[in-house]
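Each residue of the sequence shown is one higher than the one before, starting from 1 at the first, in this note's numbering.
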Amino acid sequence: MSATVEDKPSTAVKLSLLTLSAIVVGSMVGAGVFSLPRRFAEETGVAGALIAWAIAGVGMLMLAFVFQSLAVRRPDLDAGVYAYAKAGFGEYLGFFSAFGYWASACVGNVTYWVLIMSTIGAIWPALGDGDTLLAVVLSSIGLWAFFLLIKRGVKEAAAINRIVTVAKVVPILVFVILALFYLDTDVFAENWGGADYAGSLFDQVRGTMLATVFVFLGVEGASVYSRHAKRRKDVGLATIFGFLSVFAVFASVTVVSYGIMPMSEIAELRQPSMAGVLEYAVGTWGKVFVSVGLIISVLGAYLAWTLMAAEVLYVAAKDDDMPRFLRRATPDDVPVPALVMSTVLVQVVLIITMFSDDAFNFALDLTSALTLIPFLLAAAFALKISLRPDPLAQRERTGRDLAVALLATLYTAFLLYAAGLRFVLLSFIVYAPATILFVMARREQSRRLFSPGELVICAVSAAGGVMGVIALAAGWISL
Numbered sequence: 001m002s003a004t005v006e007d008k009p010s011t012a013v014k015l016s017l018l019t020l021s022a023i024v025v026g027s028m029v030g031a032g033v034f035s036l037p038r039r040f041a042e043e044t045g046v047a048g049a050l051i052a053w054a055i056a057g058v059g060m061l062m063l064a065f066v067f068q069s070l071a072v073r074r075p076d077l078d079a080g081v082y083a084y085a086k087a088g089f090g091e092y093l094g095f096f097s098a099f100g101y102w103a104s105a106c107v108g109n110v111t112y113w114v115l116i117m118s119t120i121g122a123i124w125p126a127l128g129d130g131d132t133l134l135a136v137v138l139s140s141i142g143l144w145a146f147f148l149l150i151k152r153g154v155k156e157a158a159a160i161n162r163i164v165t166v167a168k169v170v171p172i173l174v175f176v177i178l179a180l181f182y183l184d185t186d187v188f189a190e191n192w193g194g195a196d197y198a199g200s201l202f203d204q205v206r207g208t209m210l211a212t213v214f215v216f217l218g219v220e221g222a223s224v225y226s227r228h229a230k231r232r233k234d235v236g237l238a239t240i241f242g243f244l245s246v247f248a249v250f251a252s253v254t255v256v257s258y259g260i261m262p263m264s265e266i267a268e269l270r271q272p273s274m275a276g277v278l279e280y281a282v283g284t285w286g287k288v289f290v291s292v293g294l295i296i297s298v299l300g301a302y303l304a305w306t307l308m309a310a311e312v313l314y315v316a317a318k319d320d321d322m323p324r325f326l327r328r329a330t331p332d333d334v335p336v337p338a339l340v341m342s343t344v345l346v347q348v349v350l351i352i353t354m355f356s357d358d359a360f361n362f363a364l365d366l367t368s369a370l371t372l373i374p375f376l377l378a379a380a381f382a383l384k385i386s387l388r389p390d391p392l393a394q395r396e397r398t399g400r401d402l403a404v405a406l407l408a409t410l411y412t413a414f415l416l417y418a419a420g421l422r423f424v425l426l427s428f429i430v431y432a433p434a435t436i437l438f439v440m441a442r443r444e445q446s447r448r449l450f451s452p453g454e455l456v457i458c459a460v461s462a463a464g465g466v467m468g469v470i471a472l473a474a475g476w477i478s479l
């Protein structure tokens with residue numbers, strides 16, 4: 001999960017296919033890839049990893065095709081994920097989609113700070129794995145410093161973007177090339193079936209599903225900024241190009257690592273684990289090389305993903321699905337109230353990480369779980385308009401549209417199952433209080449708070465939130 005700083009255009013700029021493609025590529029290739037070796041080695045061997053990437057690749061490709069199809073068939077819908085949920089299933093679920101996507105972006109930003117502090121913690125033990133009090137304090141200082149920088153409009157965006165792009169791509173490519181050169185076929189073969197702790201092949205594959213969701217966040221990036229596109233069809237083309245161009249990178253980083261170290265040792269590495277694997281292969285300089293590239297990359301990515309999160313709240317407020325105070329923006333097109341809300345949520349989750357057994361994996365998995373509802377609703381909307389005529393569609397439905405939408409819906413539904421009860425309940429804890437914002441927006445418009453159907457959804461989310469709190473208090477689930 002990452003993004004480039006140029007991803008946030010001004011309202012006067014129309015984005016070309018090349019720029020939209022850069023948004024998607026920049027959104028997908030980022031900090032998450034630096035953590036993949038350990039994240040996979042904690043769950044699966046080579047065979048499980050290959051199956052997991054195959055499932056994730058096909059599933060996310062179907063989701064990318066969904067965004068491509070919807071961009072062409074319904075060019076009237078802006079802000080992508082949120083707009084599709086609203087058009088397909090009403091204002092309340094559209095609101096939940098906007099809130100969930102925003103919350104996932106904010107929680108994802110927490111992983112950046114944890115990863116930075118864990119990286120520095122290799123030489124400053126007081127920072128631990130990024131979850132100590134000192135680490136949270138320093139992360140909080142950086143968090144609010146970036147808030148002030150973004151509030152000013154970020155005039156240095158172009159220069160920062162060039163540095164960030166090089167910092168992201170070069171270490172990853174160097175890692176893959178060197179790992180292939182130093183790959184030990186005997187070690188690779190020993191890691192094939194997985195270590196004793198990995199469990200059955202099905203359990204191995206299931207355990208990695210949320211990690212694949214996390215690194216694929218950003219495939220919808222062009223859809224988020226669809227209102228700025230020069231041509232609507234460029235949104236879909238950029239989505240497909242971005243996905244295909246980075247999928248091989250993710251799979252390569254994971255698989256080649258199994259040829260360097262036993263998976264049980266990879267699973268014990270501190271994050272960013274890619275640095276530890278390269279250090280094992282070539283020495284200390286490899287660890288330093290990856291660590292420096294990661295820090296530069298993550299800081300730039302944090303800047304852009306914060307803007308993307310604020311964009312979602314801002315557009316939802318402009319559509320009267322969020323309170324009106326969130327539609328305010330500066331002359332430089334910075335939605336400050338939405339930015340404040342985003343920064344506050346990151347701050348809250350940063351504090352929570354001090355009580356987690358594994359701060360990085362907790363934030364990573366929660367980010368993925370929060371994203372699943374918006375993705376599922378977008379796929380289900382595509383399925384809905386493929387099953388019956390849509391009077392607003394700009395192109396007739398085809399059999400391909402139906403097949404793609406069905407596969408994408410099944411894939412995202414499977415991801416919810418793979419997430420497990422723990423993260424479903426934790427997601428409800430985040431989603432349930434969000435209804436307050438929906439009620440505020442309805443009252444501002446002097447409208448009835450809930451329709452009968454919306455009241456049922458509200459009751460389900462509230463019950464899920466209560467169950468989540470009880471489960472945490474009773475120790476049935478943990479952070």
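Don't be surprised by glycine CBs; every beta carbon is placed ideally from N, CA and C.
Checking 8 Å against the spacing of the C-beta atoms, do residue i and residue j come in under that value?
| i | j | result |
| --- | --- | --- |
| residue 275 | residue 298 | no |
| residue 430 | residue 103 | yes |
| residue 517 | residue 110 | Limits of the chain in this structure are 1 at one end and 479 at the other, which puts residue 517 out of reach. |
| residue 139 | residue 294 | no |
| residue 328 | residue 336 | yes |
| residue 210 | residue 386 | no |
| residue 253 | residue 36 | yes |
| residue 481 | residue 205 | Because the chain spans 1 through 479 in this model, residue 481 falls outside it and cannot be assessed. |
| residue 249 | residue 172 | yes |
| residue 57 | residue 371 | no |
| residue 85 | residue 378 | yes |
| residue 281 | residue 197 | no |
| residue 467 | residue 323 | no |
| residue 348 | residue 151 | no |
| residue 476 | residue 251 | no |
| residue 208 | residue 40 | yes |
| residue 60 | residue 216 | yes |
| residue 264 | residue 179 | no |
| residue 48 | residue 201 | yes |
| residue 310 | residue 338 | yes |
Provide the residue span of the alpha helix (DSSP H) that contains residue i, from first to last.
| i | result |
| --- | --- |
| residue 273 | 273 to 282 |
| residue 203 | 201 to 216 |
| residue 445 | Residue 445 -> no alpha helix (DSSP H), and no H or E assigned at all. |
| residue 39 | 36 to 41 |
| residue 125 | No alpha helix (DSSP H) holds residue 125; DSSP gives it neither H nor E. |
| residue 477 | Per DSSP, residue 477 belongs to no alpha helix (DSSP H) and is neither H nor E. |
| residue 84 | 81 to 89 |
| residue 186 | 185 to 190 |
| residue 261 | Segment: none, residue 261 is in no alpha helix (DSSP H) and carries neither H nor E. |
| residue 451 | First-last for residue 451: undefined, no H or E at that position. |
| residue 48 | 46 to 73 |
| residue 198 | Counting along the chain, residue 198 falls outside any alpha helix (DSSP H), and DSSP gives it neither H nor E. |
| residue 142 | 133 to 151 |
How close, in whole Å, do the beta carbons of residue i and residue j come, if the pair is a contact with beta carbons under 8 Å?
| i | j | result |
| --- | --- | --- |
| residue 42 | residue 267 | 5 Å |
| residue 438 | residue 95 | 5 Å |
| residue 457 | residue 92 | 6 Å |
| residue 118 | residue 270 | 6 Å |
| residue 87 | residue 74 | 7 Å |
| residue 170 | residue 353 | About 29 Å separates the two Cβ atoms, so there is no contact after all. |
| residue 257 | residue 277 | 5 Å |
| residue 65 | residue 303 | Going by Cβ atoms, the distance from residue 65 to residue 303 rounds to 30 Å, so no, they are not a contact pair. |
| residue 62 | residue 411 | 6 Å |
| residue 366 | residue 426 | 6 Å |
| residue 409 | residue 383 | 5 Å |
| residue 187 | residue 308 | Going by Cβ atoms, the distance from residue 187 to residue 308 rounds to 39 Å, so no, they are not a contact pair. |
| residue 131 | residue 356 | 7 Å |
| residue 432 | residue 464 | 7 Å |
| residue 415 | residue 107 | Actually they do not touch by this definition, with Cβ atoms about 16 Å apart. |
| residue 313 | residue 341 | 6 Å |
| residue 33 | residue 191 | Wrong, their Cβ atoms sit about 19 Å apart, outside the cutoff. |
| residue 98 | residue 321 | 6 Å |
| residue 423 | residue 461 | Their Cβ separation, rounded to whole angstroms, is 15 Å, which puts residue 423 and residue 461 out of contact at 8 Å. |
If you measure from the CB of residue i, is any heavy atom of the ligand FMN nearer than 7 Å?
| i | result |
| --- | --- |
| residue 194 | Among the components modelled here there is no ligand, and therefore nothing to report on the ligand FMN. |
Within the 8 Å Cβ cut-off, does residue i reach chain E?
| i | result |
| --- | --- |
| residue 42 | Among the protein chains of the structure shown there is no chain E, as only one such chain exists. |
- Message: Report the start-end ranges of each alpha helix (DSSP H) in the stretch 343 to 402 that is 4 residues or longer and not cut off at the edges.
- Response: Unbroken alpha helix (DSSP H) stretches of 4 residues or longer found wholly inside the stretch 343 to 402: 359 to 387, given in chain order.
- Complete runs of the beta strand (DSSP E) confined to the stretch 309 to 339 [at least 3 residues]: The stretch 309 to 339 contains no whole beta strand (DSSP E) run of 3 or more residues.
- Mind listing, in chain order, the continuous alpha helix (DSSP H) runs of no fewer than 4 residues lying wholly within the stretch 405 to 448? For the stretch 405 to 448, whole alpha helix (DSSP H) runs of length 4 or above, ordered along the chain, are 435 to 444.
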